[in-house]
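Q:
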Amino acid sequence: MNKYTQTLTRGLLTENPTLRLVLGTCPTLAVTTTVLGGLGMGVAATFVLICSNVAVSLLRRIIPDKVRLPAYIVLIATFTTVVQLLVKAFLPAVDEMLGIYLPLIVVNCILLGRAEAFAAKNPVGLAALDGVGMGGGFTAALVLMGAVRELLGNGTLFGWPDGGLFPAMTVFVMPAGGFFVFGMMIWLTNRLVRKFEGENAPVADSVCGGCPHADTCARAEKGGEADD
1 MNKYTQTLTR GLLTENPTLR LVLGTCPTLA VTTTVLGGLG MGVAATFVLI CSNVAVSLLR
61 RIIPDKVRLP AYIVLIATFT TVVQLLVKAF LPAVDEMLGI YLPLIVVNCI LLGRAEAFAA
121 KNPVGLAALD GVGMGGGFTA ALVLMGAVRE LLGNGTLFGW PDGGLFPAMT VFVMPAGGFF
181 VFGMMIWLTN RLVRKFEGEN APVADSVCGG CPHADTCARA EKGGEADD
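No gaps in the numbering here: position 163 of the sequence shown is 163 in our numbering, and each next residue is one more.
(1) According to DSSP, simplified to helix, strand and coil, what is ARG20?
(2) By DSSP's criteria, PRO161 is part of a beta bridge. Which residues make up the other side?
(3) Which two residues bound the contiguous alpha helix (DSSP H) that contains ARG194?
(4) Is the distance from the Cβ of GLY38 to the Cβ of VAL143 below 9 angstroms?
(5) Inspect the beta-carbon positions of ASN16 and ALA140 and report whether they are closer than 9 angstroms.
(6) If you check the beta carbons only, do PRO167 and GLY155 fall under 9 angstroms apart?
(7) Give every residue of the same chain whose Cβ lies closer than 6 angstroms to the Cβ of PRO27, excluding the five residues on either side of it in the sequence, and list them in chain order.
(8) Around the Cβ of ARG114, are there at least 16 other Cβ atoms within 10 angstroms (buried) or fewer (exposed)?
(9) Compute the beta-carbon to beta-carbon distance between THR34 and GLY146, rounded to the nearest angstrom, for a pair I have assumed lies under 8 angstroms.
(10) Please classify GLY99 as buried or exposed, where buried requires at least 16 other C-beta atoms within 10 Å of its C-beta.
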């Protein structure tokens, strides 16, 4: 597998930002009471991620190292504002559905993490592919989680009744149900990764690549896996 294909696909499962790296959990739990909520957040975050990755990669030799993090945040905030204005203008229902979590994309740690760990160290093409792959993995996780919670919690899917296939269990659209579904999806994802990638599938490049303490961290030595 060449580096372009690997960069594009690793965010879907092996290094899924939500289900493997456990990043961006706040919007993941907050907006996934419906499929459309998860899809809207995922697409918006993916757009910002691609644009910010490209911008950081283009400016990586210009931005002084001492102010790189504030500079990255300014870039992310700029594209987040663009997305927010577009959604307000053309998709007011989605804007109302996502609420405060749409502008809060600017503090989503997935975006700053990818800017620091990948985009700042790679050319524009790879940075864009990384944004597509990681954003796609984030969107897929939110859509799947939203589908489970909406189907079990409301007895609907995309707002359409399921015909009584599943009785509505309100707990699944409440915080407790969100944490339960989230935990089960993390467990399932880890099982799938171990099955297809082996027991020691590394994720250190994404988790620890930009950390100044990576050389002394036990997490990095274990390939990015958290201690049990």
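For each residue, glycine too, the CB sits at the ideal point set by N, CA and C.
A: Well, looking at it:
(1) Position 20 of the sequence shown holds residue 20. Look at ARG20 here: in three-state DSSP terms it is coil, with no helix or strand label.
(2) Locating residue 161 in the sequence shown gives position 161, where the first residue counts as 1. Note: PRO161 sits in a beta bridge opposite THR156.
(3) The residue labelled residue 194 in the question sits at position 194 within the sequence shown. It spans 175-197 - the alpha helix (DSSP H) in which ARG194 sits, taken as one unbroken run.
(4) For this step, residue 38 is matched to residue 38 along the sequence shown. For this step, residue 143 is matched to residue 143 along the sequence shown. Closer than 9 angstroms, so yes.
(5) As a working note, residue 16 is residue 16 in the sequence shown. As a working note, residue 140 is residue 140 in the sequence shown. A contact, by the Cβ cut-off of 9 angstroms.
(6) In the sequence shown, residue 167 corresponds to position 167, counting from 1. In the sequence shown, residue 155 corresponds to position 155, counting from 1. Yes.
(7) Indexing the sequence shown from 1 puts residue 27 at position 27. Apart from sequence neighbours up to five positions away, the residues of its chain that approach PRO27 with a beta-carbon distance below 6 angstroms are MET41 and TYR101, ordered along the chain.
(8) Translated into the one-based positions of the sequence shown, residue 114 becomes position 114. Result: buried.
(9) In the sequence shown, the residue the question calls residue 34 occupies position 34. In the sequence shown, the residue the question calls residue 146 occupies position 146. Indeed, because the Cβ distance is near 6 angstroms, the residues count as touching under 8 angstroms.
(10) Numbered from its first residue, the sequence shown carries residue 99 at position 99. Under this definition GLY99 is an exposed residue.
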